[in-house]
Amino acid sequence: MLLACKNDMRLLSHNHRSRPRSRAHRCPVIPALAVIILISAALLLPRAAVAGSWNVELSLKRDTIEDAMLMPSALFVDREREQYYVVDSGKNRLLSFSRQGDLLHVFNAGGSLKLPFDMVRTDDGKIWVVEKGRNSLTMIDLKAKKTIPNILESDGRAVYPHRLETDGTDLYVLDKASGTLLVYNGDLVEQQRIVCEKCTFGFFDFKLVGKSVWALDRLARKVFVYAGNGTLQQTHDLGDDVTYPVSIAVGPSGYLYVLDRHSRDVAVYDEKGAYKYRFLQFGIASGQLYYPAEIRFDPWDGLCVVDEGNARVEVYRR
Amino acid sequence: MKNSLVLFFAATVVLCGMSPAWAGPNDACYTCHDRDQFRGRVVHKPVGTGKCVTCHNPHVGRYRGMLSHEGGRLCFTCHTGEAETFRTGIVHEPINRFECTRCHDPHASDRNGLVRKNLKESCLECHEDFPERYRFTHEPYLSGDCRACHAPHNSERPMLLVADRDALCGECHEPEDLAPKHRNFPGTLRSCLTCHSPHGSDRKSLIRNYLHEPYAEDCSNCHEAGSGKVGVSACAGCHGDVLEQMQATHSHLTMQSGNACVNCHSPHAGDEKRLLLSREKQVCARCHRPSIEKYKNSPYRHGSIDNCTDCHFPHGGNDMAMLKGNGLEVCALCHENQGKFTHPVGPEVPDPRTGRMITCITCHNPMGTDYKFNLLLEGKRQLCVQCHGEY
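Chain order of the listed sequences is A and B. First residue of the first sequence: 85, per the working numbering; consecutive thereafter. First residue of the second sequence: 123, per the working numbering; consecutive thereafter.
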C-alpha cells in the first residue's frame, strides 16, 4: 500500500499521465486527505467568508500635510447627490467627495466654523453643522449665503449638541451634557425627547434606521432600540465583546455593527443581539484603525469608518 | 511462620508510619535549611506535611528558589479556585502581577492566612503615601483593619471596596445616630465621602481637609432650601472657564441628569485642592478602567506616569484622547530635545500612509505596547517598513 501511495504521489508531483490502476490498488491516503481538506474547508469557510471579506474600496483623505485632514469626526452621505461629506474638526472645515472618492469641495463658511463636529443636509438643501467651539447647531444656507448659529435649550438647560442625524426634515440632536436625544423641526422647535432612564451617562451615539432610533450607551455597553414614538422596543447587551464602543450602524441585513475605539475594530451582532464576529485591526496603514470615531453605512451598502487618528474615512465593501 | 509474617508486616507499618519523623524529605532539606524559619502558628500545608517538593525541585529549577513555577503562578497550581475568583472584577495589583508572596509567607507565619506582617503594615508597605495615623483617624484605619472596607484580592467595586460606599458606612453608622448631626441635609443621607474621609483628616468628624469655599461659608450658596440638586450652571457661575474648556471636540461634559462636575469633583470637600472624589487615577478609572488596565498589563509602557493629567486635559481638548497638544507637543512637555535629533518629525514630515505629520505617537504608544520603547510594532524591521518599504 505504501508503495502504491508513493507512486500516487509521484504521479501527482509530475502530473504524469498513465493508465488508471485498478480500484484495489489505489492509495487511500489521497482520498483521506481530500476528505480532511473538504471538512476543514467546510468548517473554516463560513468564518473566513464573513471575517475576511470586508475590503477597503475607497479612502477619503488628502495626501499632503497642507491638505491632510486633521481629526475628521463625522461623515454624512447625500444619497441624492451621491456625495460624501466629511467633517474635519481639526481644520474647521467640511469636505465633499464624489461617490468615487474624488474631492469636490472644501468649505469653511468663510473661516467662521469653530470646531465643527457633525453635519447633515436636510431635504430643503440646508446644511446643519454641530459646532462644538461655540456650542451651536449652525444652519448654513448655501443659496442665501447665510450662516446662522443657534444655541439650543431644552427643559430650561443649555443643550450641548454632539451627534446629529436627520430624516430629511427633522433634526435629531444628541445632547452631550444630558445624553438625551432631542428632536427638532426645521424651525428648531423641540418635537420629542428620548431619555435613557437606565443609562449612567445617557447616549453617546445613535442612528436612524427606518422609523426607529438605535442609541448607544457607551459605558454600559448597551444599544437601545426605540420606535418612532420614543417607546423602547429592544435592548442589546454588547457584553465583553467590546471595550469602548463609540459608534453604531445597522447594516442592510439588520446586523448591528459596533465601532470599538480602544480595540480598534468593528464587532458585529445579529438581529437578536448575538455576537457574530469582528474585523479590522489596530494600525495606520490602509484598512487599519488608529482612533476611529464614527461608523455608518452609505446608501450603497458600503461600511464607512471615520478614523480621527488616521485622518481619513475608509469605505469597506464586500 | 505465620506469626513471623504478621510481625514483619507490623514492623513495616510502624516504620513507615514513623518515617516522616526521621527520614522524610523535609529532614533532608533541614540538614542545610534552618528548621526554625519554617515554624509558625500557621504552617503552609506542604511544609507541614513535609512536602517541600510540592513547590521546590531539590536538584534544579528554572525559577529562583528552584521553584517549579514563577511567583503566584505556582500558588495557583494548588489554589485553583482562587486562580479563578481572584482574577475577576478589579484585581489588586500584586495579584495581577502574580506576587502573592508580597503579602503571604509561603512557609509559615504567626498570622492567619499566612500573612507576613500585620495587615496595616502589609498594606502601607506599598501604599506608602498613607500615614500611620492622622490627627483624627477613622477607627478601622487606626486599628489596622483595612479589610473592614477593602478586599485584599479583588472586588467588583472601585478601590476594592467590599460594598457600595454609602452601604459600607451604614454597616457601622446607624442612620438614627447620624440624622441629628446632619439636620439640614436634604432627603436621605447619602454620598458620605463627598465630605468625610474614610481614613482620617485634620478636621473633626473626619471632614476632608480642603473645603469648597461656598460649602465652608453656607450650604445655601449653592442649594435652595430642601433641594439637593445643583446644576452645571451653578458651578459655571464661578468656574466659567472650565465650561469653556468643555466646548471642545472631546470633553467630559457628560451626565444623565444633574451635574457633570460631580462625576469627578466633590462639591463639598476633598483631600486636595481640586476636590477630586478620590485620587486622580481612581477617578479616571471609574470610566476608563480598560485603558488603565491596558497600561498596567502592557509589557512595555511609558514609565513614571503619576497622573493621567500629565498628558491629558481633564475637562476637554481638541486633540485625540484629549491630549495636551498634538503627538509632538504633548511629549515635548517633558522630552524637550527629542524632536531635534531623532527620526524626522514635525509639520514638514508627512506620514505617507495618512498625509498627517509624523509625531512621536506615530511610532510610540506611551499607554503600553508589546514592543520595546513602547513601539507600535517590532522596531528592528516591521515598524520601519511600514513607510520605508523600499528597504
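Just so it is clear, CB atoms sit at the ideal spot from N, CA and C, and this is done for glycine as well.
- Excluding sequence positions up to five before and after residue 235(B), its CB lies within less than 8 angstroms of the CB of 164 and 226, all in the same chain and listed in chain order.
- Within the same chain, Cβ atoms closer than 7 angstroms to the Cβ of residue 189(B) are found at 177, 178, 183 and 196, the five residues on either side in sequence being excluded.
- For residue 413(B), the enclosing alpha helix (DSSP H) covers residues 402-419.
- Within chain A, the C-beta atoms nearer than 8 angstroms to that of residue 375(B) come from 244, 260 and 261, in chain order.
- Taking 8 angstroms as the threshold, the shortest C-beta distance from residue 219(A) to chain B falls below it.
- Contact check between the region 302-312 of chain B and the region 243-259 of chain B: fewer than three CB pairs, one atom from each, fall below 8 angstroms, which does not count as touching.
- In the structure shown, residue 268(A) falls within a strand segment according to DSSP collapsed to helix, strand and coil.
- Listed in chain order, the positions of the region 385-396 of chain A with a beta carbon within less than 8 angstroms of a beta carbon of chain B are 392, 393, 394, 395 and 396.
- Taking 8 angstroms as the CB threshold, residue 440(B) lines the interface with chain A.
- Taking C-beta atoms under 8 angstroms as the contact rule, residue 201(A) and residue 371(B) qualify, at a distance of about 6 angstroms.
- The DSSP assignment places no complete run of the beta strand (DSSP E) inside the region 174-222 of chain B (cut-off: 3 residues).
- Residue pairing by DSSP places residue 479(B) opposite 472(B) in a beta bridge.
- Taking 8 angstroms as the CB threshold, residue 265(A) stays off the interface with chain B.
- Under the Cβ distance rule, residue 328(A) counts among the residues neighbouring chain B, one pair being separated by less than 8 angstroms.
- Under DSSP, residue 329(B) shares a beta bridge with 318(B).
- Taking 8 angstroms as the threshold, the shortest C-beta distance from residue 375(A) to chain B falls below it.
- The alpha-carbon separation between residue 257(B) and residue 342(B) amounts to approximately 30 angstroms.
- In the three-state reduction of the DSSP assignment, residue 496(B) falls in the helix class, which pools H, G and I.
- In the DSSP assignment, residue 388(A) is bridged to 380(A) and 399(A).
- DSSP places residue 215(A) inside the beta strand (DSSP E), whose first and last residues are 211-215.
- The three-state reading of DSSP puts residue 160(B) in helix, counting H, G and I together.
- By a beta-carbon distance limit of 8 angstroms, residue 379(A) does not contact residue 353(A). Their separation comes to about 13 angstroms.
- At least 8 angstroms separates the beta-carbon of residue 308(A) from that of residue 258(A).
- Fewer than three beta-carbon pairs drawn from the region 356-367 of chain A and the region 443-453 of chain B are found closer than 8 angstroms, and the two stretches are therefore not classed as touching.
- By the CB criterion at 8 angstroms, residue 344(B) and residue 358(B) fall outside the cutoff.
- A distance of 8 angstroms or more separates the beta carbons of residue 391(B) and residue 399(B).
- For the region 296-319 of chain A, residues whose beta-carbon sits nearer than 7 angstroms to a beta-carbon of chain B comprise 303.
- For the 8 angstroms CB-CB criterion, residue 413(B) and residue 479(B) do not form a contact.
- The distance from the Cβ of residue 277(B) to that of residue 212(B) is about 6 angstroms, consistent with a contact at the 8 angstroms cut-off.
- Apart from sequence neighbours up to five positions away, the residues of its chain that approach residue 346(A) with a beta-carbon distance below 8 angstroms are 327 and 328, ordered along the chain.
- The beta carbon of residue 266(B) does not come within 8 angstroms of any beta carbon belonging to chain A, so the residue lies off that interface.
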